Amino acid sequence: LAAHMALRGVYGRLLSRGPSLRVLRSWSSAATQTGQCRTGGGMGREKLEARGLPRGDFPERLMPRILLANRNEVFHREIISEMGELGVLGPTIKELERVDSGYRSAMSVQSSLVMHPIYAYGSEEQQRKYLPRLAKGELLGCFGLTEPNHGSDPGSMETRARHNPSGRSYTLNGAKTWITNSPVADLFVVWARCEDSCIRGFLLEKGMRGLSAPKIEGKFSLRASATGMIIMDDVEVPEENVLPKASGLAGPFGCLNNARYGITWGVLGAAEFCLHTARQYTLDRIQFGVPLAKNQLIQKKLADMLTEITLGLHACLQLGRLKDQDKATPEMISLLKRNNCGKALDIARQARDMLGGNGISDEYHVIRHAMNLEAVNTYEGGGRIPGAFPERGINAQRAGGCKGVRVQLHTGTTTPFYVVFAPDN
Numbered sequence: 001l002a003a004h005m006a007l008r009g010v011y012g013r014l015l016s017r018g019p020s021l022r023v024l025r026s027w028s029s030a031a032t033q034t035g036q037c038r039t040g041g042g043m044g045r046e047k048l049e050a051r052g053l054p055r056g057d058f059p060e061r062l063m064p065r066i067l068l069a070n071r072n073e074v075f076h077r078e079i080i081s082e083m084g085e086l087g088v089l090g091p092t093i094k095e096l097e098r099v100d101s102g103y104r105s106a107m108s109v110q111s112s113l114v115m116h117p118i119y120a121y122g123s124e125e126q127q128r129k130y131l132p133r134l135a136k137g138e139l140l141g142c143f144g145l146t147e148p149n150h151g152s153d154p155g156s157m158e159t160r161a162r163h164n165p166s167g168r169s170y171t172l173n174g175a176k177t178w179i180t181n182s183p184v185a186d187l188f189v190v191w192a193r194c195e196d197s198c199i200r201g202f203l204l205e206k207g208m209r210g211l212s213a214p215k216i217e218g219k220f221s222l223r224a225s226a227t228g229m230i231i232m233d234d235v236e237v238p239e240e241n242v243l244p245k246a247s248g249l250a251g252p253f254g255c256l257n258n259a260r261y262g263i264t265w266g267v268l269g270a271a272e273f274c275l276h277t278a279r280q281y282t283l284d285r286i287q288f289g290v291p292l293a294k295n296q297l298i299q300k301k302l303a304d305m306l307t308e309i310t311l312g313l314h315a316c317l318q319l320g321r322l323k324d325q326d327k328a329t330p331e332m333i334s335l336l337k338r339n340n341c342g343k344a345l346d347i348a349r350q351a352r353d354m355l356g357g358n359g360i361s362d363e364y365h366v367i368r369h370a371m372n373l374e375a376v377n378t379y380e381g382g383g384r385i386p387g388a389f390p391e392r393g394i395n396a397q398r399a400g401g402c403k404g405v406r407v408q409l410h411t412g413t414t415t416p417f418y419v420v421f422a423p424d425n
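As structure tokens, this is what we get:
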């Protein structure tokens with residue numbers, strides 16, 4: 001504990017020498033400056049109080065660590081434990097991505113891709129055994145679907161699970177790659193094809209013979225998140241570790257839908273940070289005797305950024321309400337993931353440009369967000385892949401499919417877009 005506190009002190013002293021301290025000190029005010037973006041209408045007091053917790057605690061706890069964590073490509077495992085203490089493992093919280101997309105990715109995997117499949121597809125025994133410890137951050141999990149030869153094509157999965165009737169177990173062989181949290185994970189949710197060609201989910205625990213999780217080094221994005229592989233060489237998994245309610249690709253796709261929904265919120269947190277940083281920088285930066293923010297071009301850029309964030313936030317809120325009513329479709333989630341990720345990346349790039357030469361300094365954090373958002377656009381379905389889901393819905397609607405789903409084309413804007421509406425009942 002003393003060493004940990006001393007290290008935090010070192011971070012604090014380093015940060016005090018650069019512009020990062022200003023970013024940290026102005027966090028609370030920055031979080032409230034986007035008044036137009038607030039989506040608190042209709043929330044009860046309990047929800048508003050819960051929303052206020054991460055806004056206050058996350059920046060103070062995480063911002064002092066992120067600069068060196070990103071530079072040194074280090075993931076701090078204790079962050080998950082601290083999230084568990086705060087009781088925020090499980091919900092969707094965009095404020096976390098204001099700090100770093102890598103931190104939000106670690107939390108998103110824990111919540112949407114590990115806790116969710118156990119809750120939705122697991123047995124009561126599995127739920128009792130794992131969920132409380134995952135929620136407290138005592139266990140860290142990962143989700144193994146992507147393979148070296150199959151990214152967006154999980155139907156061609158090569159990982160195999162062979163049933164051993166006499167030993168009441170399965171033997172798993174194969175490899176997964178680009179797996180968030182795998183090098184530091186205690187629990188592995190792995191999807192494998194069984195002898196009957198059905199894809200099933202398995203719960204693997206750290207230390208099982210034949211199981212390894214090497215780290216992928218040299219990333220230029222999500223450097224503060226641990227990413228690696230899952231290598232399985234005759235790993236014996238007991239039958240009680242099979243997710244009994246998951247069969248076929250519907251299981252992993254259900255998890256990914258939840259994760260993509262979380263991403264649609266999270267990337268807007270990164271976009272908000274970039275907007276606030278660009279705004280403050282152009283107010284403080286004096287050129288030719290006046291602040292940069294006095295130029296109409298700068299004002300238009302800030303207004304455009306705020307507009308996109310506002311639209312994204314309200315779309316997320318509406319999608320969340322539909323999700324609560326079990327009316328949200330995969331097409332809706334994919335469309336919004338594609339839109340918000342693309343817009344957040346555009347905002348980060350614009351903010352980087354507005355900071356001039358300082359925009360490439362990691363002490364201003366904007367370049368880190370831009371680099372992170374490159375990866376967020378790709379993972380859990382790249383921009384072109386989620387784009388295919390709404391198009392399938394559109395084509396099916398024209399052919400008389402997608403019963404009850406209504407698709408409307410809007411052409412009155414610079415870029416035409418489709419809106420997919422859920423059934424009324």
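Take the sequence shown: its letters are residues 1 to 425, numbered as in full-length UniProt numbering.
The C-beta atom is built at its ideal place from N, Cα and C for all residues, glycine as well.
Computed from a predicted model, the values in this text were never measured in an experiment.
Query: List the endpoints of the continuous beta strand (DSSP E) containing E205.; Result: 199-205
Query: With a threshold of 8 Å, are at least 3 pairs of Cβ atoms found where one atom belongs to the stretch 239-249 and the other to the stretch 67-84?; Result: no
Query: Residue 461 and G356: beta carbons closer than 9 Å?; Result: Since the first residue shown for the chain is 1 and the last is 425, residue 461 is missing from the structure and cannot be characterised.
Query: Per DSSP, which one or two residues make a beta bridge with P238?; Result: S169
Query: Look up N164 in the DSSP assignment and give the residues it is bridged to.; Result: S169
Query: Buried or exposed: which applies to V290, given that a residue is buried once 16 or more other Cβ atoms fall within 10 Å of its Cβ?; Result: exposed
Query: How long is the line joining the alpha carbons of M208 and A175, rounded to whole angstroms?; Result: 15 Å
Query: Taking L302 and L275 to be in contact with their CB atoms under 8 Å, please state how far apart those CB atoms are, rounded to whole angstroms.; Result: 7 Å
Query: What is the residue span of the alpha helix (DSSP H) that R128 lies within?; Result: 124-136
Query: State the start and end residues of the unbroken beta strand (DSSP E) segment that holds L187.; Result: 187-194
Query: Exposed or buried, R223, counting other C-beta atoms within 10 Å across all chains shown (16 or more means buried)?; Result: buried
Query: Could you pull the start and end residues of the beta strand (DSSP E) that F143 belongs to?; Result: 141-144
Query: Quick one, which of V109, N149, P238 has its alpha-carbon nearest L89's?; Result: V109
Query: Within this structure, are the beta carbons of G218 and A185 separated by less than 9 Å?; Result: no
Query: Mind reading off the beta-carbon distance from T180 to S225? Whole number of angstroms is fine, and I expect it under 8 Å.; Result: 6 Å
Query: Which complete beta strand (DSSP E) runs does the stretch 347-378 hold, if anything under 3 residues is left out?; Result: none
Query: Which residues mark the beginning and the end of the alpha helix (DSSP H) in which E272 is found?; Result: 250-284
Query: Starting from the C-beta of M107, find all residues in its chain whose C-beta is less than 7 Å away, skip the five residues before and the five after it, and write them out in chain order.; Result: M83, L89, L96
Query: Would M232 pass as a contact of L211 if the rule is Cβ separation under 9 Å?; Result: yes
Query: Mind checking who S212 pairs with in its DSSP beta bridge?; Result: I231
Query: Have a look at P214 and L283 and give me their C-alpha separation to the nearest angstrom.; Result: 46 Å
Query: Less than 9 Å between the beta carbons of E240 and Q127, yes or no?; Result: no
Query: Take R194 and list the residues in its own chain whose beta-carbon comes closer than 6 Å to its own, dropping the five residues that flank it on each side.; Result: It should be noted that the sequence gives Cys, not Arg, for residue 194. If we look at C194 and ignore the five residues flanking it on each side, its Cβ neighbours are A161, R200.
Query: Opposite I179 in the DSSP bridges: which residues?; Result: G228
Query: What would DSSP say about P64, mapped onto helix, strand or coil?; Result: helix
Query: Is the beta carbon of V237 less than 9 Å from the beta carbon of C341?; Result: no
Query: Using 10 angstroms around the beta-carbon of C198, count the other beta-carbons present and answer buried if the total reaches 16, otherwise exposed.; Result: exposed
Query: Compare the Cα-Cα distances from C255 to each of R338, G144, R349, E124 and report the closest residue.; Result: G144
Query: Let me confirm a value: S156 is counted as buried when at least 16 other C-beta atoms fall within 10 Å, else exposed. Which label applies?; Result: exposed
Query: Taking its Cβ as the centre, do 16 or more other Cβ atoms sit within 10 Å of D100, making it buried, or is it exposed?; Result: buried
Query: Is it buried or exposed, L319, if we count other Cβ atoms within 10 angstroms and call 16 or more buried?; Result: buried
Query: When you compare each of Y281, V189, W178, E205 to I216 by their alpha carbons, which one comes out closest?; Result: W178
Query: To the nearest angstrom, how far is the alpha carbon of L373 from that of F220?; Result: 11 Å
Query: With a CB to CB cut of under 7 Å and the five nearest residues on each side skipped, what residues in its chain are close to R349?; Result: A370
Query: Going by beta-carbon coordinates alone, are L113 and A259 separated by less than 9 Å?; Result: yes
Query: If you run the structure through DSSP and keep just helix, strand and coil, what is Q287?; Result: strand
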